[in-house]
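Scroll down for the structure; my scribbles are underneath it.
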Amino acid sequence: MEASIESSGKGFISDASETATKEQVPICEDEKFFTCDGGSNEFSQKCLLMRHFHAHANEKPFSSGVCEAEFSQKGALEMHFRIHTKEKPYSCGFCSKTFNRRWDLDRHFRIHTKEKPYSCDVCSKRFSDKCNLNHHLRTHTNEKPYLCNVCNKAFSRKSDLDIHIRIHTKEKPYSCDVCRKQFSQKGALDTHFRTHTNEKPYSCDVCGKQFSQKSNLNVHFRIHSNEKPFSCDTHNKEFSQKSLLNEHFCTPTNEKPYSCDVCSKKFSWKSALDTHFWTHTNEKPFSCDVCGKQFSQRGNLTLHFRLHSKEKPYSCDLCNKQFSRKDELNKHFRTHTNEKPYSCDICNKHFSLQSNLIRHFRLHTNEKPYCCESFFPSLRMSRCNEELKDLLDEELKHVAD
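When we follow the numbering used here, the leftmost residue of the sequence shown carries the number 11, and every step to the right adds one.
Next up, the structure:
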């Protein structure tokens, strides 16, 4: 395909140079235009026609001297080159945050102005970014055009596919400049970095409380809106957090469909059966690299390892208290919200902790699972309980030290 220059009116000053000059810009509607043979597109400057022609020919004449990237437009090369130079020439007048692309600044600016110029034609929901609108539209069409070449899982957004691919490649391209911890997602690195800076960029419009993560702000806002988007279809209960719904699934029920092939003990959940089965096999497949202690559950190993690393990755956005375990943070958070998500199916009494509900439930069942080993030496705690007891003993010893 060849590009040609066709006349559609009066003449113009110059068409010899491929670089546009001020003299080439038409001064009236009757001026001569540059037209592409491949379609009806017309251009006021020859350089715009040549840029368009590269799209037809799939030609990429501009290459980076630093990496192997190639581009069809010089402007795209210049923007790419800022990745190498770390140049960010565009800065926000409100918060001084800098960007390497102008439209990134424009998109960021709407955070301050609360402007949402793009709306969904189906449900009228509004967005500050056109890209987010396009992603939202796929929730109506259920379109998932991006497919993983490894496991064939489909995604509605290319960024989600890129993140998913790192599960297979184990790639963690983002590292913290302070502690060198690595992450597979840029957002995870940004969230982690705030543990060093104590930055809290998200604030509640109702009460002014500030948060380091937008997700925590969303959860907090449900205190004001009384929104409970997570529901249990079995018990017809609603929850403000997905973690509370997951914990609700672990509350005691009368159904125990999973039974052990060795001792016929029954369980409400398959995961509980799997954990119990290791009491027969004495299997402890997870071991600590520091002290060599072994565990039957990976989660117990993770909790144990934080005794060595002193890591407390979970912090309360209201009082900044830190915790080594997510469930401890969730329990603590209810001291602020006074939420009691656990209720007894028999008497409907409510509790803030699942352990309190379990203890209460035994008043109805008359269950007494703990006995003195001095009188009944044949009765022993399960291996899972032994490990949890050891973990608690270690934590108490750590606190005492």
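Positions of the beta carbon are idealized from the N, C-alpha and C atoms, including for glycine.
Predicted, not measured: the structure shown is a model, and the values here were computed from it.
Taking all protein chains shown into account, do 16 or more other C-beta atoms lie within 10 angstroms of the C-beta of residue i, making it buried, or fewer, making it exposed?
i	result
Cys-38	Model confidence at Cys-38 stands at a pLDDT of 41, short of 50, so the residue's coordinates are unreliable and nothing is read from them.
Pro-351	buried
Leu-373	exposed
Leu-157	exposed
Pro-127	exposed
His-314	buried
Phe-104	exposed
His-226	Here residue 226 turns out to be Asn, not His, going by the sequence shown. Label assigned to Asn-226: buried.
Thr-285	buried
Asp-116	exposed
Ser-213	exposed
Ser-222	buried
Asp-131	exposed
Ser-169	exposed
Ser-129	exposed
Asp-327	buried
Ser-306	buried
Work out the CA separation of residue j and residue i for me, nearest whole Å.
i	j	result
Arg-148	Cys-141	11 Å
Trp-288	His-90	54 Å
Ser-334	Gln-304	19 Å
Phe-371	Ser-138	49 Å
Gln-220	His-122	16 Å
Ser-106	Tyr-184	23 Å
Glu-412	Glu-52	The displayed coordinates of the chain run from 11 to 411. Any statement about residue 412 would go beyond what the structure contains.
Lys-20	Gln-83	In this prediction, Lys-20 has a pLDDT of 31, which is less than 50 and means its spatial position is unreliable; what the coordinates show is noted afterwards. Approximately 30 Å between the Cα atoms of the pair.
Lys-196	Cys-354	42 Å
Leu-317	His-206	20 Å
Pro-414	Phe-119	Residue 414 lies beyond the residue range present for the chain, which begins at 11 and ends at 411; the question has no answer from this structure.
Ile-93	Arg-112	14 Å
Asn-330	Glu-349	19 Å
Phe-361	Ser-253	16 Å
His-150	Ala-198	28 Å
Asp-337	Cys-273	31 Å
Ser-269	Arg-369	23 Å
Asn-152	Ser-166	8 Å
Glu-248	Asp-200	31 Å
Phe-81	Lys-238	48 Å
Lys-320	Phe-203	17 Å
Leu-87	Thr-108	19 Å
Thr-5	Asn-159	No statement about residue 5 is possible, as the shown extent of the chain runs from 11 to 411 and does not include it.
Thr-345	Ser-365	15 Å
Trp-279	Asn-358	23 Å
Lys-163	His-174	9 Å
Gly-75	Asp-299	44 Å
Thr-45	Lys-70	21 Å
His-245	Pro-267	18 Å
Ser-73	Ala-79	6 Å
Which partner residues of residue i appear in the DSSP bridge assignment?
i	result
Arg-136	Ser-129
Ser-304	It should be noted that the sequence gives Gln, not Ser, for residue 304. DSSP output for Gln-304 lists Ser-297 as bridge partner(s).
Gln-192	Ser-185
Thr-108	Ser-101
Gln-220	Ser-213
Cys-242	Lys-247
Phe-361	Tyr-352
Gln-332	Ser-325
Glu-52	Thr-45
Phe-343	None, per the DSSP bridge assignment.
Ser-73	Glu-80
Leu-143	Its beta-bridge partners do not exist; DSSP assigns none.
Ala-164	Leu-157
Lys-266	BP columns for Lys-266 are empty, so no partner.
Using 8 Å for Cβ pairs, my map puts residue i next to residue j. What's the rounded Cβ distance?
i	j	result
Leu-311	Tyr-324	Actually they are not in contact, since the Cβ atoms of Leu-311 and Tyr-324 sit about 18 Å apart, beyond 8 Å.
Val-216	Gln-251	Their Cβ separation, rounded to whole angstroms, is 18 Å, which puts Val-216 and Gln-251 out of contact at 8 Å.
Thr-375	Ile-233	Actually they do not touch by this definition, with Cβ atoms about 34 Å apart.
Lys-341	Leu-363	6 Å
Lys-135	His-146	7 Å
Ser-194	Glu-209	Contact doesn't hold; Cβ gap of about 22 Å is too wide.
Phe-240	Leu-255	4 Å
Should residue i be listed as close to the ligand ATP, given that the test is whether its C-beta is under 7 Å from any heavy atom?
i	result
Asn-310	This structure lacks the ligand ATP; in fact it carries no ligand of any kind.
Distance cutoff 8 Å, beta carbons only. Does residue i sit that close to anything in chain B?
i	result
His-202	Among the chains of the structure shown, chain B does not appear; only one protein chain is present.
Count the C-beta pairs between the region 293 to 308 and the region 183 to 199 that are closer than 8 Å, then say yes if the count reaches three, no if not. no
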